[in-house]
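Below you'll find the structure, written out as structure tokens, and then a few comments.
Number of protein chains: 2
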Amino acid sequence: MSLQVVKAFEPLRSVTAGLWKYRPRSLKPNTTNCISCLFNFANKARFSVTHVTADPIGNCHREPVAPSFTSAEGAAKTDWGTKKNKRKVRLRLTDIMSNPEIEAKLAPLRAAVLEQGNLVRELKVKGAPEIDLKRAVAELKSRKKLLEDRELELTPSVVTFDRSKMEDLLKRRFFYDQSFAIYGGITGQYDFGPMGCALKSNILSLWRQFFVLEEQMLEVDCSILTPEPVLKSSGHVDRFADLMVKDVKTGECFRLDHLIKNALEKLSKDKAATAELKAECEDIVIKLDGMNKQEMSDVLSKYNIKSPLTANDLTEPIEFNLMFATQIGPTGLVKGFLRPETAQGIFVNFKRLLEFNQGKLPFAVAQIGNSFRNEISPRSGLIRVREFTMAEIEHFCDPTLKNHAKFQSIAETRLTLYSACNQMDGKSAQQITIGDAVKNSLVANETLGYYMTRIHQFLLMIGIKAECLRFRQHMNNEMAHYACDCWDAECLTSYGWVECVGCADRSAYDLGQHSQATGIRLVAEKRLPDPKTVEVCEIVPNKQTLGKTFKKDAKSITEALAALSLSAVNEVEQTLKDKKEFLLSLDNGSEFKLTPDTISVKHSTKTVHVEEITPSVIEPSFGIGRIMYALLEQNFQCREGDEQRCYFTLPSVVAPLKCSILPLSNNVEFNPFIRQLSTALTKAELSHKVDDSSGSIGRRYARTDEIAIPFGITIDFDTLKEPHTVTLRDRDSLKQVRLGINEVIDVLKDLSIGKLKWHQVMEKYPVFEQQEATK
Amino acid sequence: MSLQVVKAFEPLRSVTAGLWKYRPRSLKPNTTNCISCLFNFANKARFSVTHVTADPIGNCHREPVAPSFTSAEGAAKTDWGTKKNKRKVRLRLTDIMSNPEIEAKLAPLRAAVLEQGNLVRELKVKGAPEIDLKRAVAELKSRKKLLEDRELELTPSVVTFDRSKMEDLLKRRFFYDQSFAIYGGITGQYDFGPMGCALKSNILSLWRQFFVLEEQMLEVDCSILTPEPVLKSSGHVDRFADLMVKDVKTGECFRLDHLIKNALEKLSKDKAATAELKAECEDIVIKLDGMNKQEMSDVLSKYNIKSPLTANDLTEPIEFNLMFATQIGPTGLVKGFLRPETAQGIFVNFKRLLEFNQGKLPFAVAQIGNSFRNEISPRSGLIRVREFTMAEIEHFCDPTLKNHAKFQSIAETRLTLYSACNQMDGKSAQQITIGDAVKNSLVANETLGYYMTRIHQFLLMIGIKAECLRFRQHMNNEMAHYACDCWDAECLTSYGWVECVGCADRSAYDLGQHSQATGIRLVAEKRLPDPKTVEVCEIVPNKQTLGKTFKKDAKSITEALAALSLSAVNEVEQTLKDKKEFLLSLDNGSEFKLTPDTISVKHSTKTVHVEEITPSVIEPSFGIGRIMYALLEQNFQCREGDEQRCYFTLPSVVAPLKCSILPLSNNVEFNPFIRQLSTALTKAELSHKVDDSSGSIGRRYARTDEIAIPFGITIDFDTLKEPHTVTLRDRDSLKQVRLGINEVIDVLKDLSIGKLKWHQVMEKYPVFEQQEATK
């Protein structure tokens, strides 16, 4: 079977010579790994795989693969597909708890997760060694994965989805495609064509309206190039790295954890493998997630793992920082990085922003912009890329006051929450109102809950399906180093549940780090309920004797003394008392002996009305590319009975173009009406497309459906008669109505912002049937 | 005099210790250069200079300078300014040709330019050596500069502008400020705060509406990280560089042309300088613009030029490429750059875009995005930065058909054009309708003229003043390597005329370059007026004998023959005829002897209906940061009689916030009305700010004026009475009207999109006088 696949690829090699470097390295059936390998390979060689089936327990049986190859210049196209060759991936409902039959099948898997979850809890309570804990967590994750995969398989499918068909459409109508393809392309970088760009810009403009405008956030736009010290403070210079190894001869790079996993799985599946070896390999794979560099390096040598492509030796593991480095300015001395997230730009501007907000907490700052991560092996289309647009919010609030003024207005919203606890207990996600979730401390505080709800509302508004959206809480061990609670909004796609929006409580981590590095206090003042009396202890220099003793150094000594912290002052006082002198060292290295006649320590009290606090930060962080991908996938449809007529059911609020204008034929009498409508639509700020090409009206409608245009105006011979009328067609229902040419613009305006629904239009205007029949 | 300045700087040194490195290096009066030097220095040390005066002939006399220093953290602030210390920079009208008195003063300067312009023309006609031509052009430029400076000085001033005051406001209300300031900052990088970001996003959204929507352009969004080969083709790898030298000890970098110019000017102004030396120096400075690396290096050694800061030796000149370099992917083998312009992303996608447009020309593609240039010494605030947002349009058209369908609709628009010819003749810019300009071939074609007019309309719409806007044509010698005609939209600022939008005819340069590099034909098909018969000449292999002779190589031979160009086929035919054999070399190095029995050459004719053309590209390219700067400067005002109350007269369409809501006092009865209005404004998508802080209403209005809020609603005690009314205030006229709380939203909606003008509001509603009096 696998040979057939390899054979099917063979002819491509000559066609794509120079465009791809890799041969599929493991094409044995019965591993999910080989499927991903196949897609990686296909991705690299830039053709799409149109047939892989999976049986219900997840083993894959490949039948002769029919890749449709699109050559680099996008012109030559070899379509080897046949009608039967389709890879089916199912999207499912998340609420399957109610079906007892399915539950019976899942019960043992749930029990296995619970058992392991309890073990992890127990180890934590006992304070077990970290390595044991890591191992237990890795096993827990693997059991969770098994449960989740099975859950997805057993859920009644609601959508049949053919990824390759969608990808073909996205390429063909240039929603997006690989960047620099005429130069051979770069993996992990995509260019958005007219439709993708319009979709993206509509999503961002709605985002601005929904978050920045409605919540009166402060939007900022900060630099991408970031000097090293900033990212040193944030932890990215030290921690934002993946381990990799290189082929010593070719320089080919491999992500180390992926490499070991693949190598050991291969090894343990070898017929010659003993039961002992198999167990050993499986054990390592489970532990892999928690291993450090040395441990992984030991595995490499123990099993003598070589490059899977060339069998050459591999280098020692290298920590590869995922940030793109560059030099700022001509000297070559200022090291900088392309920012890996937009958040830091907000944190370093905290003082200016607090001042702009007249010193008051809470306030939220938003930023939309590009970030960059130099992935070792980018994959999965828009999901893991090197350059991506984020929309981030940093909500600064008093750490002791995380309630939210508008929480009550959304408290009744039901969300699908998959808590850390449920994950450890082998339970499913649950539907619950956010009010109850906060009341039960399932979600830590109102502000976090408020943002989760707003994220939920936003995603549904732009077209994400409620049944394909859940919030998954990070388990303790997967939380980023800065976070103290984190919920990911995950969208279900053919790649599984994909994190599209993170919603984290970053506590005071970032402001604290930047304060520490710069010495600038990034704090807010909080009015005390009652004024407080505090003891003040300061060093008073005796100006006269100090000046006499130290001459021109007296000034810097005075300054240094004024800058001492409270504890340092106490130390000075003690030392003076004990030894009758104190040795002061300045930054420039000079030292001065101070005695009780040059300085004294004065104690006093003062009344303070405010205290300084470092605000907590709640951060909703949107990955725009991932949201777009999930949106496109969840809205991809084919017409019943005609699988070649595909379209996107994107809501009109985000659809790239709002309307098409199609004359029934190229009769010149239609032209004034085309111009009149186009001008009126432009004036109403409604993006549209005139298609007066020669195809049949049905074919032209199909073309507008492909680019998700929700409504179409047809100009026909009745339009020429007075009163002038046109037909208006709805993409999703295929229904048409007839209405006056002067009315249609207002109707479209309301439809496009969602103020009017199509069924209301159907109620108001006479249905028109003729035209679809003539296609 | 100069000593006073230096002295005024001295105390700063200790305040800013560590923040600036440079001492002003040339502070002699009587050079405009020392002013720019002063500002560079001030810019580096991050304080603003508040007093420099210039006498009418351009010599500068500095009086004690009063810098106001803002420390890195934006907290400590030392304002040394007094009311009298103000630097005045005048914005002027461009049409001064009519004033005979002024013209008389300018006449000798105009004559000098004309004389030199004619010399340049003559040299071109004669085909004079390039070095002579360069020298003449440099002299022409210098005479032009003299004329232009004088023109500006003599124009009656219309605005008094105090740059430091504006910069102080921009910082204080965080329109924008230096990035990473808490880490010491990076020159040439700016973060936009809430008001700057909103202004920018409003400008971009209007741009989209005005260009993309109205002209039905295809908008794309391409990658920033660009692999080297792409930028090799575009010419950026080889040509996008400035020459610099480094201080051998400190590593400090200097732009070579600036360095030589400063050094020689200093030398020639030395009292000991002979007349001969002076002439020599002036001669070199004039020639500098056209010198190559070696020539400049020779100047360095001849005059023994050292580092102006340390007097250390300098390195040989280094070509410093202005692109930021990085590595894409983990191997370190794929070199990439941050794009220096967005245009290339469009060119490499040309085929996809043409296909999206169903193969038809003309069509225009737009892109908004960030670009990066690693300037050796960034300066002048937002005008020369390292990271900037561009909005570019590439209009692809048939090179023989550069007319524009909508040209007639704008033909009567009057633009201020400063043609290359007028520049060479010492004449001023002229006002002319674009229709006439194209008719007279002053502007090359309708498409170029159409875009220039649209740029003009757009800039006026967002608030650029007509009298401070001109289009300057590039002279032959300053045109980029790719352009065949180019007009810059220049805005007048206190830095002089600043290029804000370029509008170039790039001809077929870029598509040609990328075609050549990739072998992929970036062409469009053009229907021939009549079908054409063309001769076809192809090699026909004799399959049987070829197969017999070359066995398995026969296939690659056949392929190689099929790929031969027409001229190569002719060569094969001739060689076969002459020598009875032809030696075919394949790419892999193998050679095959072909004889007349294995191949023959067949001649035939075929009828073709289309021809392939490489489209021409017209490129309007907007520098958003520069436009924003010019806009802010041209709209900066102080209230008559109260110079401390500054504001921006930004039109409501671009104003960061559209409206303020101010309760007269913090009476709780006002609160429901605040909430009602805020909710209604949000629903109407009108950005706004509630200021219920305790300041007087007048002081709060002044604060909203500072951030350019055009309209303000006041809630007062009359609001509490039925029917509920509020007052609406206009920022620019300070007038107020009283109207119903239910009417105000619709009025604001129309005001904010410019559909309604303030004077119309004044006509409709009763004027309200009381409140401003109570401030």
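First to last, the protein sequences are chains A and B. Mapping to this note's numbering: the first sequence position 238 is 238, numbers consecutive. Mapping to this note's numbering: the second sequence position 381 is 1381, numbers consecutive. Glycine included, each C-beta is placed from N, C-alpha and C at the ideal position. Remember, predicted model here, so these are calculated numbers, not experimental data.
Between the CA atoms of residue j and residue i - distance to the nearest angstrom
i	j	result
residue 1572(B)	residue 1515(B)	26 Å
residue 1560(B)	residue 1326(B)	38 Å
residue 1382(B)	residue 1205(B)	20 Å
residue 370(A)	residue 728(A)	39 Å
residue 277(A)	residue 268(A)	7 Å
residue 1416(B)	residue 1464(B)	14 Å
residue 261(A)	residue 285(A)	6 Å
residue 762(A)	residue 233(A)	59 Å
residue 1769(B)	residue 1722(B)	20 Å
residue 85(A)	residue 168(A)	Low local confidence applies: a pLDDT of 32 at residue 85(A) is under 50, so the model's placement there is unreliable, with the coordinate-based value given in what follows. In a straight line, the C-alpha of residue 85(A) is about 14 Å away from that of residue 168(A).
residue 1641(B)	residue 359(A)	31 Å
residue 1368(B)	residue 1343(B)	10 Å
residue 610(A)	residue 353(A)	20 Å
residue 1312(B)	residue 1170(B)	39 Å
residue 1617(B)	residue 1396(B)	5 Å
residue 473(A)	residue 623(A)	17 Å
residue 466(A)	residue 1166(B)	50 Å
DSSP bridge partner residues for residue i (one or two, in chain order)
i	result
residue 1680(B)	Answer is none; residue 1680(B) lacks a bridge partner.
residue 243(A)	319(A)
residue 652(A)	Answer is none; residue 652(A) lacks a bridge partner.
residue 1498(B)	1491(B)
residue 1647(B)	1637(B)
residue 1767(B)	1737(B)
residue 1253(B)	1246(B)
residue 1430(B)	1417(B)
residue 603(A)	537(A)
Rounded distance between the beta-carbons of residue j and residue i, thought under 8 Å
i	j	result
residue 1749(B)	residue 1686(B)	7 Å
residue 1557(B)	residue 1566(B)	Residue 1557(B) to residue 1566(B), Cβ: 19 Å. No contact.
residue 739(A)	residue 669(A)	The Cβ separation is near 20 Å, so there is no contact.
residue 499(A)	residue 485(A)	Not quite, the Cβ-Cβ distance comes to about 15 Å (not below 8 Å), so this is no contact.
residue 183(A)	residue 1518(B)	6 Å
Limits of the alpha helix (DSSP H) - the one that residue i falls within
i	result
residue 1229(B)	1228-1233
residue 363(A)	No alpha helix (DSSP H) contains residue 363(A), which is instead part of the beta strand (DSSP E) from 363-372.
residue 518(A)	509-518
residue 303(A)	Unbroken run through residue 303(A): none, as it is neither H nor E.
Span of the beta strand (DSSP E), counted from its first residue to its last, around residue i
i	result
residue 178(A)	176-178
residue 1473(B)	1469-1473
residue 686(A)	Premise fails: residue 686(A) is in no beta strand (DSSP E) and is neither H nor E.
residue 1392(B)	1387-1397
residue 1593(B)	1591-1594
* **Three CB pairs or more closer than 8 Å across the region 208-215 of chain A and the region 172-188 of chain A** => no
* Asked: Does the region 1561-1568 of chain B come close enough to the region 1536-1546 of chain B to have 3 or more Cβ pairs within less than 8 Å?
  -> Cβ pair count under 8 Å is three or more, so yes.
* Any chance the region 435-452 of chain A sits against the region 404-420 of chain A, with 3 or more Cβ pairs inside 8 Å? -> yes
* Meets three-Cβ-pair contact criterion under 8 Å: the region 1654-1661 of chain B and the region 1685-1703 of chain B -> yes
* Evaluate contact between the region 1220-1228 of chain B and the region 1334-1341 of chain B, counting only Cβ atoms and requiring at least three cross-stretch pairs below 8 Å. => yes
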